[in-house]
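Letter by letter, the sequence shown follows residues -26 to -1, 1 to 977 in mature numbering (1 follows the signal peptide of the UniProt record, and there is no 0).
Where is the CB? At the ideal position from N, CA and C, for every residue including glycine.
Because the structure is a prediction, the values reported are computed rather than measured.
Beneath this line is the structure, given in structure tokens, with notes to follow.
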Amino acid sequence: MLSRSIPCLWITFCLHLCCFVDGGDAQNAKEVILLDSKAQQTELEWISYPPNGWEEISGLDENYTPIRTYQVCQVMEPNQNNWLRTNWIEKGDAQRIFVELKFTLRDCNSLPGVVGTCKETFNLYYQETDSEVGRSLRENQYVKIDTIAADESFTQGDLGERKMKLNTELRIIGPLSRRGFYLAFQDVGACIALVSVKVYYKKCWSIIENLATFPDTVTGSEFSSLVEVEGMCVSDAEEEADNSPKMHCSAEGEWLVPIGKCICRAGFHQKGDACEPCGRGFYKSSSQDLQCSRCPAHSFNDREGSWRCDCEDGYYRALSDPPSVACTRPPSAPQNLVYNINQTTVSLEWSPPADTGGRNDVTYRVICRRCSWEPEECVPCGPNVGFSPAQSGLVDTYVTIVDLLAHANYTFEVEAVNGVSDLSRTQRLFAAVSIATGQAAPSQVSEVIKEKVQQRSVQLSWQEPQQPNGVITEYEIKYYEKDRIYSTVRSKSTSATVNNLKPSTAYVFQIRAFTEAGYGTYGPRVEITTKEENTATIVSSEQNPVIIIAVVAVAGTIILVFMVFGFIIGRRHCGYSKADQEGDEELYFQCTKTYIDPETYEDPNRAVHQFAKELDASCIKIERVIGAGEFGEVCSGRLKLPGKRDVSVAIKTLKVGYTEKQRRDFLCEASIMGQFDHPNVVHLEGVVTRGKPVMIVIEYMENGSLDAFLRVSITFAPGSVHCINITNLKHDGQFTVIQLVGMLRGIAAGMRYLSDMGYVHRDLAARNILVNSNLVCKVSDFGLSRVIDDDPEAVYTTTGGKIPVRWTAPEAIQYRKFTSASDVWSYGIVMWEVMSYGERPYWDMSNQDVIKAIEEGYRLPAPMDCPPGLHQLMLDCWQKDRAERPKFDQIVGILDKMIRNPNTLKTPVGTCTRPISPLLDQSTPDFTAFRSVGEWLEAIKMERYRDNFTAAGYSSLESVARMSIEDVMRLGITLVGHQKKIMSSIQTTRAQMLHLHGTGVQV
């Protein structure tokens, strides 16, 4: 017993008399203490096994505060195994526990006679349980945390200095899964005093950030883990749309990575970490607003926390008006109402009201009443009376009323209305006029009989109208082929013969009567097909065979002379031509070689070196990647040739790991481009074939592909939420028509050059036209193997490769007959793309639907605001018979004429041997066949906007036919594609109504 009592007494003496020097133990604000032996001044009563091992003693800390400690110092006896276990520690929500130990340990060298038995370490263990397990202690139930060694140990000499530094060790256990745990300390023969044991876990304390409260949060189980915590908005705040507030609690108990936020709801604004209500006379209409605003004009509020202000008496706010708009009132009555009578038609005109009520959405509505000769005996006019352009929702200050009764009294009231007129409870203000009608026009000719039908004539008869309304002086017969311009003949009687018709042709006939009051409306349409022509007539006109033989002989001689001449000039042809060089037209002498197909060379490399210049790779500087091609990347850079200034170039590179076939196909385009030299064809600078990567170097076109460039210009047009500055553009993004025609002229000039060389492009489309900084368009993409990568459905696979269906002529799709005439078809599609600012041809129709529609005669309608002359040229390019399509030389001439004389844009200029008129869009069949606006919308697949048209007062097809693009936008139709589709149908409708109804409907 003596061997172990001396060291123990020595340690006890130290605990009472020595001053421990440590770093302090001020509690971290992020820690939650589960156990702190130093803070407990009563006995700890931990379990010690065996009982004569660890001893609990009292001591004083550096502040002379009593503390409870444990010590053990059985260094004289071998094979020590002394255990000390704490009481059960409940962990709460913690998964990761920190254990801080403070202890002193004596150096074994300062104890004589203990060699082999003295240790300078002890072991730390833990055991997880869901509840207390009693006072028994089983070593095999404990998990070892670590072996604890002292950084500094003390000796006998330290006692004389009365100063020792405590050892502090920190260990982490976890993740823990049960409700609590025990700590255990194992001594294996050390002289040690356990001064302090502190057990804690870390948490992030609750805070308010971005107007969201984040609660106390326990840290994660791993050192690198972040616990995501959703915040709760403070009072009178709400989460920002799709951006709920979140923060992350780090393992060190710190809040990190704030995401999202809360914002003060309508009627409240932020002040510090809280939301305060707006004061009286102020409002905040949306949570997106930062501050409260003063009530707008003619409005007020007398309460706090208001999201809007109430209107003063006599002032109103429309349902569509935002709270920030001033309250307004109905307009005053229209001024200066005047009228004009023409038999049973009345025209009214007036001036705008003196007071618009503070609004700019003033429209007009007309109330019609038919009155007897007695005063104040009036009834509504009824549905038989027509109003042009409309009875209500009028923007212009005029209206025409038709189909009134003859010799009747009418009263017309014109009221100015705005967005708050229907909310007003005051008396209506209007201008009124009373009118007596005169003689009426005759009614319709309802029954038409075909008396006799011949090859070139049709004899008709009919009955007099049921209501002639006077003496009928003549009848007018209108007749036309389907979808053609009509002709008329007149007859004094109720029968007529129409001559000079075509055999085997269907004609439509309509008849109307004429009196002193004017023409009535046309009667119903009657369709009659003329008889077939007798073939004997054709035989009788047979020409003299001698003349035919002579003509053939002369033609053969001429052909032979041209063949010999072609051989002499060595496959070259020369002549004067015009070209458009960056907007300036100049005359130059053109001597064009015939195009040579690189595939005819046995060695493709020979074709490349013959037509393309080999460049030194050191002369090329690649600056950045601007895209990806079929064979590799496309870059922009600079080319500096010796003795020349450096120029901007585009560089196509061949990707690494290419096959020989890929290399041959890649350089094939250079073999083609090297043969061309024209200001509207992309210029080849040269190739790099003797180094890596293999490169094709062409001139740099700053504005990229034409289709993308056009879409950018329309995207950033007026009314767009974006802003861009494009050089040479008019009206902040919109081109003028002449600018667009100039672009088309450049493309046609380039294609004329290629066609003259005998080259067929086969993939002419806006995506393959490049635009430079001066808006000069140049033809590009001369690869023989083309893959269209803008849309997987943009190609139609047939034997021999892929075809871009929407741009390809029908004979090329069906028979793979590619000629300059098929390129002309594609050019017509390019014209449509340009005038529609990059719209997708045929919209969302499938390829099979496009093929079928073209075969059935369908052609694209004119884009919005496209001049008739340009659309007629498109239709000429889309002739089914390729022989009837214009040549590129003719197209250039027509476009030159349009540029020199813009008035020709309004008049179709045909190039074909027979006239052609625009075929109607399949989505807009015969407009007169529809009985309502709803049926028309269903036919063009726009029935989703039925309620929009109804709410705006467009109840008749005639009123729809007079709509403008501004009217369509006012209906709330915001999608550009839908706007264009509806306007295209309306434009076609106008043409139908003018064509089929003559002057009966004003458009």
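*If you draw a straight line from the C-alpha of V482 to the C-alpha of W436, how long is it?*
In a straight line, the C-alpha of V482 is about 15 Å away from that of W436.
*asked:* So for Q14, helix, strand or coil by DSSP?
replied: In the structure shown, Q14 sits in coil (DSSP, three-state: anything other than H, G, I, E or B).
_Opposing strand residues paired with W57 [DSSP bridges]_ = DSSP, once it has assigned bridges, lists Y23 and Q160 as partnering W57.
*asked:* Would E213 and S261 be called neighbours here (beta carbons separated by less than 7 Å)?
replied: The Cβ atoms of E213 and S261 do not sit closer than 7 Å to each other.
*Would you call S592 buried or exposed, if buried means 16 or more other Cβ atoms sit within 10 Å of its Cβ?*
Flag for S592 reads exposed.
*asked:* With three or more beta-carbon pairs closer than 8 Å as the criterion, would you say the stretch 858 to 867 touches the stretch 819 to 831?
replied: Inter-segment contact for the stretch 858 to 867 and the stretch 819 to 831 is absent: fewer than three beta-carbon pairs are separated by less than 8 Å.
*Would you mind stating whether I596 and L680 have Cβ atoms separated by less than 7 Å?*
Judged by their CB atoms, I596 and L680 are not nearer to each other than the 7 Å cut-off.
_Could you check whether G492 and residue 979 sit closer than 7 Å to each other, using their CB atoms as the reference points?_
One cannot answer for residue 979 here, as it falls past the ends of the chain, which runs -26 to 977.
*Using the Cα positions of N748 and G716, report the straight-line distance between them to the nearest angstrom.*
A direct Cα-to-Cα measurement between N748 and G716 gives close to 12 Å.
_Using a 10 Å radius around the Cβ and a threshold of 16 neighbouring Cβ atoms, would you call S958 buried or exposed?_
S958 should be labelled buried.
*May I ask you to check if the CB of T400 is nearer than 6 Å to at least one heavy atom of the ligand NAP?*
Annotation note on the ligand NAP: not contained in the displayed structure, which lists no ligands.
*For D764, does the count of other Cβ atoms within 10 angstroms reach 16, so buried, or fall short, so exposed?*
Reliability of the predicted coordinates at D764 is poor, the pLDDT of 38 falling under 50, and the value obtained from them is presented with this limitation in mind. D764 should be labelled exposed.
*Near T468, what residues of its chain come up, given a Cβ to Cβ distance below 8 Å and the 5 sequence neighbours on each side ignored?*
Here T468 has S435, W436, Q437, E438 and Y449 as same chain residues with Cβ atoms under 8 Å from its own Cβ, once five neighbours each way along the sequence are excluded.
*Residue range of the beta strand (DSSP E) that R464 falls in?*
It spans S461 to S465 - the beta strand (DSSP E) in which R464 sits, taken as one unbroken run.
*Does the distance from the CB of N383 to the CB of A410 come in under 7 Å?*
Yes.
_Mapping the DSSP letters down to three states, classify P498 as helix, strand or coil._
If DSSP states are grouped into helix, strand and coil, P498 belongs with coil.
_Considering Cα atoms alone, identify which of G603, Y44, P40 and S622 is closest to residue 1007._
This structure does not reach residue 1007, given that the chain is present from -26 up to 977, and the question cannot be answered.
*Look at the alpha carbon of E74 and the alpha carbon of N114, and state the distance between them as a whole number of angstroms.*
Cα-Cα distance, rounded: 24 Å.
_Assigned exposure category for E36 - 16 Cβ within 10 Å defines buried_ = Classification for E36: exposed.
*By Cβ distance below 7 Å, which residues in the same chain neighbour residue 979 in space, the five residues on each side in sequence not counted?*
Residue 979 is absent from the structure shown; the chain starts at -26 and stops at 977.
*When DSSP labels each residue in this structure, what does G603 get in the three-state scheme?*
In the structure shown, G603 sits in coil (DSSP, three-state: anything other than H, G, I, E or B).
_Residues near E829 in its chain [Cβ-Cβ closer than 7 Å; skip 5 each side]_ = Leaving aside the five residues that flank E829 on each side, the residues in its chain whose CB is nearer than 7 Å to its CB run, in chain order, P784.
_Given this structure, state the Cα-to-Cα distance separating P308 from A271, to the nearest angstrom._
When rounded, the distance between both Cα atoms is 25 Å.
_Cβ-based neighbour list, R499, same chain, cut-off 6 Å, excluding 5 preceding and 5 following_ = Excluding sequence neighbours, R499 sits near V482 and Q484.
*Is the beta carbon of I122 sitting closer than 7 Å to the one on L98?*
With contacts defined by Cβ atoms closer than 7 Å, I122 and L98 form a contacting pair.
*Contacting residues, own chain, Cβ-Cβ under 7 Å from F792 (five flanking each side not counted)*: Around F792: V734, R736 and A786.
*Y257 and S224 closer than 7 Å at C-beta*: Using a Cβ distance threshold of 7 Å, Y257 and S224 do not count as a contacting pair.
*alpha helix (DSSP H) containing Q440: first to last residue?*
Unbroken run through Q440: none, as it is neither H nor E.
*Kindly indicate the opening and closing residues of the alpha helix (DSSP H) around Y313.*
For Y313, there is no enclosing alpha helix (DSSP H); the enclosing beta strand (DSSP E) covers residues Q309 to N316.
_So, for K426: in the same chain, excluding its five sequence neighbours on each side, which residues have a beta-carbon less than 6 Å away from its beta-carbon?_
Contacts found: Q433.
*Are V320 and V388 closer than 7 Å when you measure CB to CB?*
If you check the CB distance, V320 and V388 do not come in under 7 Å.
*asked:* Tell me the residue span of the alpha helix (DSSP H) that contains G660.
replied: Element bounds for G660: not the alpha helix (DSSP H) but the beta strand (DSSP E), L658 to V662.
*Could you please give me the residues that DSSP links to P354 through a beta bridge?*
Answer is R343.
*Is it buried or exposed for F197, if we count other Cβ within 10 angstroms and need 16 for buried?*
Exposed.
*With C-beta atoms as the reference, is P219 less than 7 Å away from K235?*
Against a cut-off of 7 Å, the Cβ pair of K235 and P219 comes out as a contact.
*Take the Cβ of K880 as the centre, count every other Cβ of all protein chains shown within 10 Å, and call the residue buried at 16 or more, exposed below.*
Label assigned to K880: exposed.
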